[in-house]
Structure formats: C-alpha cells, structure tokens
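Numbering (my numbering), first residue to last: 2 to 222.
Below is one structure, written out as structure tokens; comments come after it.
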C-alpha cells in the first residue's frame with residue numbers, strides 16, 4: 002500500500018520533479034482563474050459519452066488523452082470527442098508502461114495509436130506518468146509539441162478512496178493554471194463522475210473557467 006507521502010507525490014508532484022522535464026508541461030503559468038481538465042484512458046461507451054454531454058452542458062472545454070485501442074474498438078465514441086471539438090492527446094495504443102517496455106516497442110505503439118486516431122495529435126501523456134527526461138526530449142523533437150503531465154491527480158482510479166475523498170484531493174490542490182487528470186474509464190467509475198460534477202459546480206461558482214490545451218502557451222516550446 003502506498004504511503005501518504007507517495008499519494009501526495011502523485012496528487013501534486015513537487016517542483017524538483019517537474020524541473021527534470023523542461024520539455025514537458027505540468028501547469029499553465031497564469032494568474033487567471035483557468036483550469037485545464039484532461040481525461041485519460043478512453044474513449045469507452047460506458048463513460049466518455051457521459052463526460053462529453055456533461056462538459057457540453059456546462060460549456061466547459063477539456064482535453065482527451067486517448068488510448069488507440071479504445072479508439073479502434075469504439076470509433077463512434079471517438080467521433081463524439083471530435084464532433085464536439087475537444088482537444089486530443091495520445092496515450093499510446095495499449096496503455097504501455099515505459100518501464101516494462103523496450104523503447105522501440107514503445108515508439109511503435111505510439112505510432113500505431115497515431116495511425117489509428119488518424120487526425121492531428123500534438124500532445125502526449127505517458128501512461129502511469131512513466132517517462133524519463135531524455136525520452137521526453139526525444140518525443141518532443143520527433144513527434145509531439147509537448148509531453149503533458151499534471152498539476153492535480155485526484156486519484157479517481159483508486160478504489161480505496163471514496164468519491165468524497167477524490168473530490169477533496171481535487172479541491173484542496175487546484176489553483177490557477179492547474180492541469181487536472183480524471184479518467185473516463187470503467188475503473189474510475191462514479192468517483193470520476195462525482196469529481197467532475199463537483200469541479201464544474203464548485204470551481205465555476207468560484208469564478209474558474211475550464212479551458213483546453215489547444216491554444217495555450219506551453220512553456221519552452
């Protein structure tokens with residue numbers, strides 16, 4: 002079981018870790034009340050259409066980091082994301098963990114995902130956050146504008162947490178410019194739905210706007 006310190010490192014990685022990845026983005030530098038919702042691991046019919054409809058209802062923008070195999074299996078759900086003009090990112094073809102995969106296989110898996118998505122995709126998020134500074138620099142030179150990590154990961158995928166605890170993680174750590182990670186996955190279940198609704202209601206009431214990563218300034222580009 003992860004320690005409380007380990008969970009805190011996941012929820013909001015500290016600055017020394019972020020500085021190891023100068024070619025990546027963790028948070029958008031701004032004093033404006035803007036946050037950047039991102040969704041990992043979809044698209045799937047059980048979660049993604051609900052997320053899209055909820056975002057539409059609130060007029061909120063977001064970025065979807067798609068797993069290529071889910072795009073292949075659920076092209077109609079992927080089209081929902083495209084039709085609603087949400088920003089796209091790549092999350093590999095098969096949600097590969099870099100530490101357990103050769104670099105050649107990892108790159109091939111990324112390319113397969115891009116071929117499957119068959120549309121412009123300039124952002125990448127490594128599954129499980131597994132990435133090295135050297136490989137991040139390599140990917141931004143060869144394939145992507147930016148590697149996107151996160152400023153707030155409320156752990157909606159963690160079955161040991163209640164929906165209320167996930168919401169607390171999110172609201173405690175969010176700040177202007179936060180890139181927030183939620184998961185449109187089976188595993189995240191109602192924890193994701195509760196966290197998204199709570200974020201949309203609570204942060205909107207506090208004056209926040211929900212933007213995407215299409216046209217923002219990405220540091221060190």
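Note that CB positions come from ideal geometry on N, CA and C, so glycine has one too.
Bear in mind the structure is a predicted one, so any value in this text is a computation, not a measurement.
- Judged by DSSP secondary structure, residue 79 falls outside any beta strand (DSSP E) and instead within the alpha helix (DSSP H) spanning 76-84.
- Contact annotation, residue 92 with residue 68: C-beta distance approximately 5 angstroms; criterion of less than 8 angstroms satisfied.
- Cα atoms of residue 23 and residue 123: separation of roughly 17 angstroms, rounded to the nearest angstrom.
- Burial check for residue 127: the Cβ neighbour count within 10 Å reaches 16 or more, so the residue is buried.
- Setting aside the 5 residues that flank it on each side, residue 110 is surrounded in the same chain by 93, 94, 95 and 97, each with a C-beta closer than 7 angstroms to its C-beta; the list follows chain order.
- Residue pairing for residue 18: DSSP places it in no beta bridge.
- A residue is called buried once 16 or more other Cβ atoms fall within 10 Å of its Cβ, and residue 141 is buried on that count.
- Beta-bridge partners of residue 212 (DSSP): 37.
- Take residue 130, set aside five residues on each side of it, and the residues of its chain with a beta-carbon closer than 7 angstroms to its own are 150, in chain order.
- Close CB contacts of residue 56 within its chain, under the 7 angstroms cut and outside five residues either way in sequence, are with 63 (chain order).
- Straight-line spacing of the CA atoms in residue 79 and residue 135 works out to 31 angstroms.
- Excluding the 5 residues flanking it on each side, residue 171 has same chain C-beta neighbours closer than 8 angstroms at 153, 155, 181, 196, 199 and 200, in chain order.
- A direct Cα-to-Cα measurement between residue 188 and residue 38 gives close to 18 angstroms.
- For a cut-off of 8 angstroms, the C-beta gap from residue 26 to residue 160 is around 29 angstroms, too long to register as a contact.
- Spanning the alpha carbons of residue 41 and residue 205 requires a straight line of approximately 22 angstroms.
- The C-beta distance from residue 8 to residue 46 rounds to 31 angstroms, too long to fall under 8 angstroms, and the pair is not in contact.
- The three-state secondary structure of residue 190, taken from DSSP, is helix.
- Looking at 14, 30, 11 and 34, the one whose alpha-carbon comes closest to that of residue 209 is 34.
- The three-state secondary structure of residue 93, taken from DSSP, is coil.
- Between residue 178 and residue 125, the C-beta gap is not smaller than 8 angstroms, which leaves the two residues out of contact.
- Cβ contact annotation for residue 192 (same chain, cutoff 6 angstroms, sequence separation greater than five): 157, 164 and 167, in chain order.
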